[in-house]
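Chains as they are written, first to last, in this note's numbering: chain A, 1 to 421; chain B, 1 to 232. Structure first, commentary second.
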Amino acid sequence: MTGILGLAWRSLMNRRGSALLTILAVALSVALFLGVDKARNGARAGFDNTIAGTDLIVGAPTGQINLLLYSVFRLGNATAEISWDTYQDVAARDDIAWTVPVSLGDSHRGFRVMGTDQSYFEHYKYGDGQPLRVVEGERFADIYEAVIGAAVARELGYGIGSEIVLTHGLGAGGLTDHENRPFIVKAVLAPTGTPVDQTIHIPLEGMTAIHVGWESGTKNPMADTITEEMIRSFDLTPKSITAVFVGLERRGTILSTQRALNTRPGEPLLAIIPGVALGELWQVTSVVERALIAVSIFVIAVGLVSVLTSILTSLNERRREMSILRATGARPGHIFFLMVAEAGLLGFIGAVTGIVLVQVGLILLGPVLASSYGVQLSGLGLSLTDLWTLLAVTGAALLIGVVPAITALRRSLADGLTVKL
Amino acid sequence: MTDSKAVSIRNLEFAWPDSPVLLDIASFELKRGERLFLRGPSGSGKSTLLGLIAGVLEPQAGHVEVLGEDMAALPGSKRDRLRADCLGVIFQMFNLVPYLSVVQNVTLPCRFSAGRREAVGGHPVEEAKRLLARLGLTDANLLERSVTELSVGQQQRVAVARALIGGPQLLIADEPTSALDADARDRFIELLNEEASRSGAALLFVSHDGALASHFDRGVDLAEINQARAMT
Ligand SMILES: Nc1ncnc2c1ncn2[C@@H]1O[C@H](COP(=O)(O)OP(=O)(O)OP(=O)(O)O)[C@@H](O)[C@H]1O
Ligand SMILES: [Mg+2]
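And the structure:
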C-alpha cells in the first residue's frame with residue numbers, strides 16, 4: 001500500500017497547481033477554526049489572569065459584569081460612584097482585611113487614568129498571585145506624581161520625569177485638558193499582560209486636586225485663578241470614588257460579607273466576587289463563541305468540499321491513467337485506495353499547513369496581542385485541539401475520498417481495457 | 001501449470017450493456033510461447049476480446065481460460081492477481097502514466113504484483129534499466145525524464161519494457177504500432193517478437209492492418225472465429 005501512497009503523492013505533484021489551491025483552501029479554513037479557538041482561549045486566560053487575590057469588588061449598584069468591566073478592565077464607564085463616607089464604613093468592617101479605593105474617569109492620550117492610594121501596590125495581584133513590580137523609579141509620594149504601566153511607557157515613550165497633562169473624561173484632548181497642572185512620572189511598572197499596563201496611576205488627592213474648579217463637570221472660568229498653594233491647602237480627600245477592591249480576613253466569609261454589603265442600610269452598594277462575575281461574562285460570550293465556532297466548522301466543510309471538487313474534476317482527465325493502472329495489475333482496491341489516499345493527503349497537508357499558519361501568526365502577532373489586549377500567549381502553542389483538528393480533517397478528507405473512489409472504480413470497471421481519452 | 005495453452009476460449013458470448021451480441025466465439029486458442037496475429041476491422045470487437053482475456057470484462061456465457069485458469073470461475077480478486085502476475089499489456093497509445101518517470105512506469109507492475117517483484121529478484125529498477133537498454137533506451141537522463149517528453153515510438157518501447165518486466169507468460173498488444181510510421185512499426189514488431197521469444201511468453205498481437213501478419217507464427221481473422229454479426 002505504500003506503493004499506492006507514493007503514486008497518490010506523485011499524482012498530486014503532477015497537478016501541483018490545483019492541489020496547492022485545494023491545500024490552501026483547507027489550510028485557511030483550519031487556520032480560521034484554530035484562530036477562533038485560540039483567540040477565545042487567549043482572551044479567557046487573559047481575563048482570568050487579570051485579577052487575583054481580590055475577594056470582592058464593591059461599587060455603586062449596576063450589573064455585576066458592568067462593575068467588573070469598568071473597575072478591573074477599564075471597559076466602559078461607571079454610571080454612579082460611592083461616597084467616601086460609605087467607603088470608610090466598608091473599610092472599617094471587622095471581616096475585611098484590606099481595601100483599595102479606585103477612582104476612574106480621566107484619561108491621557110487614550111490611556112485611562114486611575115486614582116488610588118499606596119494600598120493598590122500592596123494588594124492588587126494578577127496571574128497566579130504576582131504583585132505589581134516597579135522596574136524603574138519609586139511609587140508616587142506627592143499629589144502631582146504618577147506611576148505608569150509598561151504599555152503607556154512604551155507607546156508614549158515616557159520615562160521617569162515625563163510630564164502628563166490629563167484630559168477630563170475620555171476626550172481626545174484640547175478644551176477639556178487639565179493643563180493647569182501636569183503630573184510627573186515617578187515610576188514605571190513591569191509588564192503584566194493585564195490592563196494595568198495601559199493605566200496611569202495617580203494619588204486620589206491628585207485626582208481631587210485637578211478637579212478643583214471642575215465641580216460642574218466642565219471647567220469653571222475661575223479655575224485658572226486658583227494657585228497651587230491654594231489647592232494644597234484644601235482638604236483633598238475625595239468626596240466619592242468609583243470602586244473598592246476588598247480583601248477579607250477569612251475567605252470563608254465571602255458570601256456572608258457579600259450579602260451584608262449588598263443589603264446594608266444607607267447608600268446602596270453592589271459587591272461582586274470577581275470569579276463569579278467572570279463566569280457570568282463567559283456565559284454571555286459563549287453564545288457568540290459557539291456561533292463563531294459553528295461558522296468556522298462550516299468553513300472547514302467548504303474546504304473539504306474543495307478537496308472533493310478537485311479530485312472529481314481530475315477524474316475525467318485520468319480515465320486513461322486508471323485503465324493503465326488496471327491493465328498493469330492494479331486491483332479495484334488499489335484504485336480505491338489511490339483516490340482515498342489523494343483526498344487524505346490533501347486534507348492532511350492542508351490541516352498541517354493551517355496549524356503552521358496559526359503558529360506563525362502567533363509568533364508574528366503574539367507580542368502585539370499580548371501588549372495591546374492582554375491576551376495570554378502561554379497556553380496557545382501546539383495543543384491537543386490542534387492534534388484533534390488534524391485527525392478530524394484528515395479523517396473527513398479520507399471519508400470524502402470515498403466518493404471519487406467509487407466513481408473511478410465504477411468507470412474503470414466499465415471501461416474494460418480500452419484506453420479512452 | 002501443465003496446460004499447454006496460454007489462452008483457450010470456448011463458446012464465448014459477450015455484449016456491451018444495451019447492445020446486440022458483439023462476440024460469439026465457439027473456439028479460439030493461443031499456445032504457450034506462440035506469437036499470434038489477430039486481425040479485424042475497426043469496431044469489430046478486438047479490444048473487447050482482449051478485455052475478456054485480461055479478465056477485466058466478464059462474458060455473459062462460455063469460458064475464457066488463461067494459462068490454465070478459467071477466468072469466469074475465478075473470484076474477482078484471484079482474477080486480478082492472475083492479471084497482475086502473468087499478463088503484460090501494451091495499448092495503441094497513451095500507454096504511460098504521465099506523472100511517473102520512464103523507469104517508474106516500467107516498474108509499475110512490480111508495485112501491484114508480488115510475483116513479478118520476486119521474479120526480478122527484488123530489484124525492479126535495475127531490471128527496468130536492463131529491459132530499456134535492450135529496447136534501445138539507454139540515455140540516463142532520458143530515463144529520469146517525464147514520459148510526456150518522449151516521442152511516440154519511445155513511449156511504445158517503454159510500454160513493451162513494462163509489459164515484459166517480471167517475465168509474464170502472456171503478452172497482449174492492442175494495435176501498438178498504429179501511431180508509428182512504417183519503418184518504426186517494423187522495427188517495433190521485430191523487437192517485440194524477439195523479446196517475447198526470449199522470455200518464452202505467448203504474444204497476442206491485435207491490429208486492423210493485415211499486412212503485419214507476416215511477422216507472426218500464425219494469423220487469425222476475428223470475423224472468421226466470431227459468429228456474431230458485428231456492426232461497425
Ligand atoms: N466501454 C464500452 N461500452 C460500451 N460499448 C463499447 C465499449 N467499448 C467498446 N464498445 C463497443 O464495442 C464495439 C467494439 O469495440 P472495440 O473497441 O472492441 O473495437 P475494436 O475492434 O478494438 O476497434 P478499433 O480497431 O477501432 O480499436 C464498438 O461498437 C463499441 O462501440
Ligand atoms: Mg481497439
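Think of the CB as a built atom: it goes at the ideal place given N, C-alpha and C, for glycine as much as any other residue. Bear in mind that the values here come from a model prediction, so they are computed numbers and not experimental data.
Rounded to a whole number of angstroms, what is the C-alpha to C-alpha distance between leucine 156 of chain A and asparagine 66 of chain A? Working through the first sequence from its first residue, we reach residue 156 of chain A at position 156. Working through the first sequence from its first residue, we reach residue 66 of chain A at position 66. Using only the alpha carbons, I get a separation of about 29 Å.
Taking aspartate 186 of chain B as part of the beta strand (DSSP E), name the residues at either end of that continuous run. To locate residue 186 of chain B, count along the second sequence from 1; it is residue 186. Per DSSP, aspartate 186 of chain B belongs to no beta strand (DSSP E); it is in the alpha helix (DSSP H), 182-199.
Neighbourhood of tryptophan 84 of chain A by C-beta, 7 Å cutoff - its chain only, sequence neighbours within 5 removed: Here the question's residue 84 of chain A lines up with position 84 in the first sequence. The residues are Thr237, Pro238, Lys239, Ser240, Ile241.
Mind checking whether valine 152 of chain B and leucine 180 of chain B have CB atoms under 8 Å apart? Stepping through the second sequence from its first residue, residue 152 of chain B is reached at position 152. Stepping through the second sequence from its first residue, residue 180 of chain B is reached at position 180. Going by C-beta atoms, valine 152 of chain B is nearer than 8 Å to leucine 180 of chain B.
Give the interface partners of arginine 187 of chain B over in chain A, defined as CB-CB distance under 9 Å, in chain order. For the purposes of this step, residue 187 of chain B is identified with residue 187 of the second sequence, where counting begins at 1. None at all; the shortest Cβ gap to chain A is about 23 Å.
At a cut-off of 7 Å, is glutamate 194 of chain B close to ligand 2 when judged by its beta-carbon and the heavy atoms of the ligand? The sequence position of residue 194 of chain B within the second sequence is 194, counting from 1. False, no ligand heavy atom lies under 7 Å from that Cβ.
Checking 8 Å against the spacing of the C-beta atoms, do valine 196 of chain A and tyrosine 87 of chain A come in under that value? Here residue 196 of chain A is taken as the residue at index 196 of the first sequence, counted from 1. Here residue 87 of chain A is taken as the residue at index 87 of the first sequence, counted from 1. Against a cut-off of 8 Å, the Cβ pair of tyrosine 87 of chain A and valine 196 of chain A comes out as no contact.
Within a Cβ cutoff of 6 Å, which residues of the same chain sit near leucine 269 of chain A, ignoring the five residues on either side of it in sequence? Here residue 269 of chain A refers to the residue found at position 269 of the first sequence. Result list for leucine 269 of chain A: Val58, Leu261, in chain order.
8 Å Cβ cutoff, phenylalanine 94 of chain B in contact with chain A: Within the second sequence, numbered from 1, the residue matching residue 94 of chain B stands at position 94. So yes, phenylalanine 94 of chain B belongs to the interface.
Please confirm if asparagine 316 of chain A has its CB atom under 8 Å from at least one CB of chain B. Working through the first sequence from its first residue, we reach residue 316 of chain A at position 316. Chain B contact via Cβ: absent.
Since I believe alanine 330 of chain A is in contact with phenylalanine 112 of chain B (beta carbons under 8 Å), could you give me their beta-carbon distance rounded to a whole number of angstroms? Against the second sequence, residue 112 of chain B aligns to sequence position 112. Against the first sequence, residue 330 of chain A aligns to sequence position 330. Confirmed, Cβ separation roughly 5 Å.
Can you name the start and end residues of the beta strand (DSSP E) that arginine 232 of chain A belongs to? If you number the first sequence from 1, residue 232 of chain A lands on position 232. Arginine 232 of chain A -> not in any beta strand (DSSP E); alpha helix (DSSP H) instead, spanning 228-233.
Reduced DSSP secondary structure (H/G/I, E/B, other) of methionine 71 of chain B: Here residue 71 of chain B is taken as the residue at index 71 of the second sequence, counted from 1. In the structure shown, methionine 71 of chain B sits in coil (DSSP, three-state: anything other than H, G, I, E or B).
Residue(s) in a DSSP beta bridge with glycine 247 of chain A: If you number the first sequence from 1, residue 247 of chain A lands on position 247. Answer is A:Trp98, bridged to glycine 247 of chain A.
Indicate the three-state DSSP secondary structure (helix, strand or coil) for lysine 78 of chain B in the structure shown. The residue you call residue 78 of chain B lines up with position 78 of the second sequence. Of the three classes helix, strand and coil, the one that applies to lysine 78 of chain B here is helix, per DSSP.
Shorter than 7 Å, the distance from the beta carbon of aspartate 415 of chain A to the closest heavy atom of ligand 1, or not? If you number the first sequence from 1, residue 415 of chain A lands on position 415. It does: the Cβ of aspartate 415 of chain A is within 7 Å (strictly closer) of some heavy atom of ligand 1.
Using alpha carbons as the reference points, say which of A:Gly161, A:Val188, A:Glu163 lies closest to glycine 149 of chain A. Along the first sequence, read from residue 1 onward, the residue named residue 149 of chain A stands at position 149. For glycine 149 of chain A, the nearest C-alpha among the options comes from A:Val188.
Can you check the stretch 56-134 of chain A for any beta strand (DSSP E) of at least 3 residues that lies completely inside it and give the ranges in chain order? 56-59, 96-108, 111-116
Ordered list of alpha helix (DSSP H) runs contained in the stretch 101-126 of chain B, each at least 4 residues: 102-112, 114-119
Please decide whether serine 113 of chain B counts as near chain A, where near means a Cβ-Cβ distance under 8 Å. Along the second sequence, one-based indexing puts residue 113 of chain B at 113. Yes, contact with chain A.
So, is valine 102 of chain A buried or exposed, given that buried needs 16 or more other C-beta atoms within 10 angstroms? In the first sequence, counting from the first residue as 1, residue 102 of chain A sits at position 102. Buried, because 16 or more other Cβ atoms sit within 10 Å of the Cβ of valine 102 of chain A.
Report, in whole angstroms, the separation of the C-beta atoms of alanine 146 of chain A and phenylalanine 183 of chain A, which I expect to be a contact under 8 Å. Counting from 1 along the first sequence, the entry for residue 146 of chain A is found at position 146. Counting from 1 along the first sequence, the entry for residue 183 of chain A is found at position 183. Confirmed, about 4 Å.
Taking only the alpha-carbon atoms, compute the straight-line gap between leucine 24 of chain A and proline 131 of chain A and give it to the nearest angstrom. By 1-based counting over the first sequence, the position of residue 24 of chain A is 24. By 1-based counting over the first sequence, the position of residue 131 of chain A is 131. Roughly 45 Å between the two C-alpha positions.
Which residues of chain A have a Cβ atom closer than 9 Å to the Cβ of alanine 84 of chain B, listed in chain order? Position 84 of the second sequence, counting from 1, holds the residue named residue 84 of chain B. Ordered by position in chain A, the residues that pass the 9 Å Cβ test against alanine 84 of chain B are Thr328, Gly329, Ala330, Arg331.
Nearest-angstrom beta carbon gap, alanine 397 of chain A and leucine 304 of chain A [assumed within contact, 8 Å]: Within the first sequence, the letter at position 304 stands for residue 304 of chain A. Within the first sequence, the letter at position 397 stands for residue 397 of chain A. Rounded, the Cβ-Cβ distance is 6 Å, consistent with contact.
Verify the CB distance criterion: does isoleucine 324 of chain A have a CB-CB separation below 8 Å to chain B? Counting from 1 along the first sequence, the entry for residue 324 of chain A is found at position 324. Interface residue, yes.
What did DSSP end up calling threonine 263 of chain A once you bin it into helix, strand or coil? On the first sequence, position 263 is the one that residue 263 of chain A refers to. Three-state result, threonine 263 of chain A: coil.
Cβ-heavy atom distance, glutamate 289 of chain A to ligand 1, below 7 Å: Position 289 of the first sequence, counted from the start, is the residue given in the question as residue 289 of chain A. No - ligand 1 has no heavy atom lying nearer than 7 Å to the Cβ of glutamate 289 of chain A.
Is there a C-beta anywhere in chain A that falls below 8 Å from the one on leucine 203 of chain B? Here residue 203 of chain B refers to the residue found at position 203 when the second sequence is read from its first residue. Not an interface residue.
Close-in-space but distant-in-sequence residues of the same chain around lysine 129 of chain B (CB under 8 Å, 5 per side omitted): The count along the second sequence starts at 1 and reaches residue 129 of chain B at position 129. The answer, listed in chain order, is Val103, Leu143.
Taking only three categories from DSSP, how would you classify proline 238 of chain A? Residue 238 of chain A sits at position 238 when you count from the first residue of the first sequence. It is coil, neither helix nor strand.
Please state whether the Cβ-Cβ distance between valine 89 of chain B and alanine 327 of chain A is less than 8 Å. One-based indexing of the second sequence puts residue 89 of chain B at position 89. One-based indexing of the first sequence puts residue 327 of chain A at position 327. Yes, the pair counts as a contact, with Cβ atoms nearer than the cut-off.
Using a Cβ-Cβ distance cut-off of 8 Å, determine whether aspartate 18 of chain B contacts chain A. Position 18 of the second sequence, counted from the start, is the residue given in the question as residue 18 of chain B. For aspartate 18 of chain B, the answer is no, since every Cβ of chain A falls outside 8 Å of its Cβ.
Selection from A:Thr309, A:Leu32, A:Leu20 that minimises the alpha carbon distance to valine 295 of chain A: On the first sequence, residue 295 of chain A is found 295 positions in, with the first residue counted as 1. Closest by alpha carbon: A:Leu32.
Return yes when the C-beta of serine 44 of chain B is under 7 Å from any heavy atom of ligand 1, and no when it is not. As a first step, residue 44 of chain B is located in the second sequence; it is residue number 44 there, counting from the start. Yes; taking the cut-off as 7 Å, the Cβ of serine 44 of chain B has a heavy atom of ligand 1 nearer than that.
Beta-carbon proximity of alanine 43 of chain A to aspartate 128 of chain A, cut-off 8 Å: By 1-based counting over the first sequence, the position of residue 43 of chain A is 43. By 1-based counting over the first sequence, the position of residue 128 of chain A is 128. No, Cβ-Cβ distance for alanine 43 of chain A and aspartate 128 of chain A is not below 8 Å.
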